[in-house]
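> Okay, here's the structure, questions in a sec.
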Ligand code: HEM
């Protein structure tokens, strides 16, 4: 966590250029999770400088494009079918719930947490509590109550998931040392990677526990948020042709995902604290030890970059050269999202030869499965916004499955 004494001086940056510069500035360090220290202290997202670089370098190895190809082709279709098929069978479900459940299997695999089917509901509950705890700074309810709930969830996570998963991986590493397994037989996940480097990185067990817990909640909440906003925008757009195209062509749905991500970043703001005076491109000097609020939502709607209709959902929008269609919703600079290609895919290249695998990303594939199963908003039960958060989170988004037209 930051070693600076807390100071109330705050500067908000909201133009696209200044927010992106700030994400890349080496003298601005992460500050959003100071209140969420119970679950976030010393996680990758909370580290700065060489500590961050060393850990990121290690964990990056798990996020190669070939690995994502394997996930998209083999693992994801199964995880999606398990989340969608039973609900399509009964004819109704909830988008937020489906997003969480489908991605949990995937993020647990990446994090290195083994989940028995009977414990999946518990893990989902725990991960949701971690998300609330991480963004405690935005919570509007009783904070002491929230922290007690987070501490309880951490204890349950430790006993039910972390310790058994760590024991299996320590055994696998001991087998490697004994020569009874080969390196390629080791699990390829964050927990195994951390256990293998525990001495080099000087990692106490509680930090490893928080790191894998962070992976679970970073993936779960943001994927559910992106899925819900994408389908909501698509259904509210008022163009049946677009819904039909998105159902037929994952590349069209992927454009909708990117546009919805631009308008509705899972983290509408990032926070940084200045470690030294920082000059902005508009000529302002941010004094040392200032809290700098990066308004990602405003930057993603900056009219000088996205045009006069920047507030409008337009999946056909032309994206300025050198920028991503999702704006800054996956961050930029050293903390740029490690799961970006996993969730957002790789932007489709219409000229690519047929044998090049196009990655559409978890959110688009999940949305596709739902549209193809005939999902539409439940006319009798409107979506609800989470009243306990200042952020625009859907707490529920009921859907029904009808025959796709
Ligand atoms: C639509 C989905 C997602 C969105 C919008 C998203 C967004 C972000 C953003 C904005 C950041 C940077 C925050 C900052 O600069 O303060 C970030 C970092 C991160 N995300 Fe994601 N994320 C998504 C999915 C995922 C998934 C699926 C995973 C894991 C498998 C993941 C893992 C991470 C990690 C580990 C970091 C920290 C990187 C670092 O500090 O070096 N994210 N994400």
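Residue numbers (the working numbering): 656 to 1060.
Even glycine gets a Cβ: it sits at the ideal position worked out from N, Cα and C.
Quick test of your reading: residue 693 and residue 809, contact by CB under 8 angstroms. State the CB separation rounded to the nearest angstrom.
Correct: roughly 7 angstroms between the Cβ atoms.
> Quick one: Cα of residue 997 to Cα of residue 724, how far?
In a straight line, the C-alpha of residue 997 is about 9 angstroms away from that of residue 724.
> So the beta strand (DSSP E) residue 1051 belongs to, where does it begin and stop?
Element bounds for residue 1051: 1049-1051.
> With a CB to CB cut of under 7 angstroms and the five nearest residues on each side skipped, what residues in its chain are close to residue 988?
678, 679.
> Near residue 1055, which residues of its chain fall below 7 angstroms by C-beta distance, leaving aside the five closest residues on each side in sequence?
Result list for residue 1055: 746, 747, 1031, 1033, in chain order.
> Cβ of residue 992 versus every heavy atom of the ligand HEM: is any distance shorter than 7 angstroms?
Residue 992: yes, Cβ under 7 angstroms from the ligand HEM.
> Can residue 923 be considered in contact with the ligand HEM, in the sense that its beta carbon sits closer than 7 angstroms to one or more heavy atoms?
Incorrect: residue 923 has no Cβ contact closer than 7 angstroms to the ligand HEM.
> Taking the runs of the alpha helix (DSSP H) that are 4 residues or longer, which of them lie wholly in the segment 949-1011?
Here the runs fully enclosed are 951-954, 958-961, 995-999.
> Under three-state DSSP, which class holds residue 1013?
Residue 1013: coil per DSSP, three-state reduction.
> At a threshold of 7 angstroms, does residue 765 count as lining the ligand HEM (C-beta to nearest heavy atom)?
Yes, since a heavy atom of the ligand HEM falls inside the 7 angstroms radius drawn around the Cβ of residue 765.
> Evaluate residue 780 with the Cβ neighbour count: other Cβ atoms within 10 Å of its Cβ, from every protein chain shown; 16 or more gives buried, anything less gives exposed.
When all chains shown are included, residue 780 counts as exposed.
> Here's the rule I'm using: 16 or more other beta-carbon atoms within 10 Å means buried, otherwise exposed. How should residue 812 be labelled?
Classification for residue 812: buried.
> Based on DSSP bridge pairs, tell me the residues matched to residue 786.
Answer is none; residue 786 lacks a bridge partner.
> Thinking C-alpha only, which one of 978, 834, 1017 is nearest residue 995?
Nearest of 978, 834, 1017 to residue 995, Cα basis: 1017.
> For residue 741, name the three-state secondary structure that DSSP assigns.
In the structure shown, residue 741 sits in a helix (DSSP, three-state: H, G or I).
> Does residue 674 pass the burial test, meaning 16 or more other C-beta atoms within 10 Å, or should it be called exposed?
Residue 674 is buried by the Cβ-count criterion.
> Hey, quick one: how far does the beta strand (DSSP E) through residue 905 stretch, first residue to last?
Unbroken run through residue 905 is the alpha helix (DSSP H), 905-918; no beta strand (DSSP E).
> Can you tell me which residues form a DSSP beta bridge with residue 934?
940, per the DSSP bridge assignment.
> Is the beta carbon of residue 999 less than 8 angstroms from the beta carbon of residue 913?
Yes.
> At the level of alpha carbons, what is the spacing between residue 768 and residue 934?
Approximately 43 angstroms between the Cα atoms of the pair.
> Kindly identify the DSSP beta-bridge partner or partners of residue 735.
Answer is none; residue 735 lacks a bridge partner.
> Can residue 792 be considered in contact with the ligand NAD, in the sense that its beta carbon sits closer than 7 angstroms to one or more heavy atoms?
For the structure depicted, the ligand NAD is absent and the ligand set comprises only the ligand HEM.
> Got a sec? Which residues, its chain only, sit under 6 angstroms from residue 1048 by beta carbon, not counting five neighbours each side?
Within the same chain, residue 1048 has close Cβ partners 1041.
> So, helix, strand or coil for residue 749, using DSSP?
Reduced to three states, the DSSP call for residue 749 is strand.
> Could you tell me which residues DSSP pairs with residue 1038 in its beta bridges?
Answer is none; residue 1038 lacks a bridge partner.
> Report the rounded CA-to-CA distance for residue 971 versus residue 947, giving the unit in angstroms.
Roughly 33 angstroms between the two C-alpha positions.
> Which residues does DSSP pair with residue 667 in a beta bridge?
948, per the DSSP bridge assignment.
> Are there any heavy atoms of the ligand HEM lying less than 7 angstroms away from the beta-carbon of residue 870, as far as the coordinates show?
Residue 870 Cβ: within cutoff of the ligand HEM.
> Given the structure, does residue 1018 come close to the ligand HEM, in the sense that its CB is under 7 angstroms from one of the ligand's heavy atoms?
Because some heavy atom of the ligand HEM lies under 7 angstroms away, the Cβ of residue 1018 counts as near it: yes.
> Using only the alpha-carbon positions, how far apart do residue 664 and residue 942 sit?
Rounded to the nearest angstrom, the two C-alpha atoms are 9 angstroms apart.
> Mind checking who residue 924 pairs with in its DSSP beta bridge?
Paired residues: 950.
> Are there three or more Cβ pairs, one per stretch, closer than 8 angstroms when the segment 975-983 is compared with the segment 700-711?
No, because fewer than three Cβ pairs between the segment 975-983 and the segment 700-711 fall closer than 8 angstroms, the two stretches do not touch.
> Please identify the residue among 924, 775, 886, 728 whose C-alpha is closest to the C-alpha of residue 986.
Looking at the Cα atoms, 924 is the closest of the given residues.
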